[in-house]
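Heads up: the sequence shown runs through residues 0 to 212, numbered per numbering that gives the first Met the number 0.
Glycine included, C-beta positions come from ideal geometry on N, C-alpha and C.
Just so it is clear, the structure is predicted and the values come from calculations on it, not from any experiment.
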Amino acid sequence: MALREDQILRYSRQILLREVGGRGQEALLSGGARVDATGASGMTAAAYLAGGGSPVAGVGSLTLGPWAPGFLMSATDVGQPVAATLAREVAALNPDAANPERGGGLLAELPTAWSGDAPWVALCGDGARAGVVFRGAKGCVWCFGETVRHLGPPPDGALGVALGTLGAMVFQRLRLGLEPSLGGRWLVPPGGLEEMDVRQCSRCASRAEPSSP
Numbered sequence: 000m001a002l003r004e005d006q007i008l009r010y011s012r013q014i015l016l017r018e019v020g021g022r023g024q025e026a027l028l029s030g031g032a033r034v035d036a037t038g039a040s041g042m043t044a045a046a047y048l049a050g051g052g053s054p055v056a057g058v059g060s061l062t063l064g065p066w067a068p069g070f071l072m073s074a075t076d077v078g079q080p081v082a083a084t085l086a087r088e089v090a091a092l093n094p095d096a097a098n099p100e101r102g103g104g105l106l107a108e109l110p111t112a113w114s115g116d117a118p119w120v121a122l123c124g125d126g127a128r129a130g131v132v133f134r135g136a137k138g139c140v141w142c143f144g145e146t147v148r149h150l151g152p153p154p155d156g157a158l159g160v161a162l163g164t165l166g167a168m169v170f171q172r173l174r175l176g177l178e179p180s181l182g183g184r185w186l187v188p189p190g191g192l193e194e195m196d197v198r199q200c201s202r203c204a205s206r207a208e209p210s211s212p
C-alpha cells in the first residue's frame, strides 16, 4: 500500500529512521496486532502500536483491570470490556489503527493462550523483573511455550508501563524483520535491559546436542 500525504506527515519520525523508511511504515500499517491484556503493560503497548500505525484490536471477553488507566484508558473504563473499549480509544487515537481485520500477530499479558499468526509477544514477569518473550514466523512454537510457561504475569505501575513500551517496540521490529525468530529480554529496575535465556523444547534440545563420535 502506498502512503498517503497525511500518513507521510503523521509518521515522519518513523519514516526518517533508517530501519523503517517508507516501506517499513507500509508494513506496519498493513500488519495488525491482536491485544489480549487488561493492565498497564498491555494498554501501553496498544497505545504505542496504534500511534505507530499498526491496526489494533482487543480479543477475548475480559474486562479492564484497575491498572489499565494511562495512555489510552481512564479510571471510568475500569471494569469495561477490553475489546469494545480498545476499539473506541484506538479509533480516537489514530484512525489508521482502527481496522482490526488487517493482519494479526498477538501481543498478550501472561497468562494467555497462544494461537494465530506470528509475531507473538508475551508481556510477563518473575516477581522482580519485567520481561518480553517473542516469536517470529520461523520461531519454534514449542520453545516459546516452554519459556512462557515458567513465567508469571507482568508487573503493574511504572514498570508495567515501561514494559508495554518495550513490548510494542519488539512487536514492530518483528514486523520489520529486525529481531531474531525467537528471544526474550528482561527489563530490570530502574531501567536496565538484559537478554533472557529462552528455554528449548525437547526436540530443539536434542538437535543441539553434539553427535557421538
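Legend entry - Three CB pairs or more closer than 8 Å across the region 65 to 84 and the region 36 to 52: yes
Inset, instruction - Give the straight-line distance between the Cα atoms of Thr-43 and Cys-200, rounded to the nearest whole angstrom. - result: Approximately 31 Å, taken between the alpha carbons.
Legend entry - For Arg-9, the first and last residue of its enclosing alpha helix (DSSP H): 4 to 9
Legend entry - Close beta carbons around Pro-65, own chain, < 6 Å, minus the five adjacent residues each side: Val-77
Legend entry - Spatial distance of Gly-104 from Arg-9 (CA atoms): 23 Å
Inset, instruction - Examine the Cβ distances between the region 149 to 168 and the region 129 to 137 and report whether three or more of them are shorter than 8 Å. - result: yes
Legend entry - Pick from Ala-32, Pro-68, Ala-1 and Arg-172 that is closest to Asp-155, judged by C-alpha positions: Closest option to Asp-155, Cα to Cα, is Pro-68.
Legend entry - Rounded straight-line distance, which links the Cα of Ala-204 to that of Pro-118: 23 Å
Inset, instruction - May I ask you to report which of helix, strand or coil DSSP gives Cys-123? - result: strand
Legend entry - Range of the contiguous alpha helix (DSSP H) that encloses Ala-136: Where Ala-136 is concerned, there is no enclosing alpha helix (DSSP H), given that its DSSP letter is neither H nor E.
Legend entry - Three or more C-beta pairs below 8 Å linking the region 171 to 187 and the region 13 to 23: yes
Legend entry - Buried or exposed (CB count within 10 angstroms, at least 16 for buried), Thr-75: exposed
Inset, instruction - Would you tell me roughly how many angstroms separate the C-alpha atoms of Gly-59 and Leu-181, rounded to the nearest one? - result: 25 Å
Legend entry - Option in Pro-179, Gly-190 and Asp-125 with minimal Cα separation from Lys-137: Pro-179
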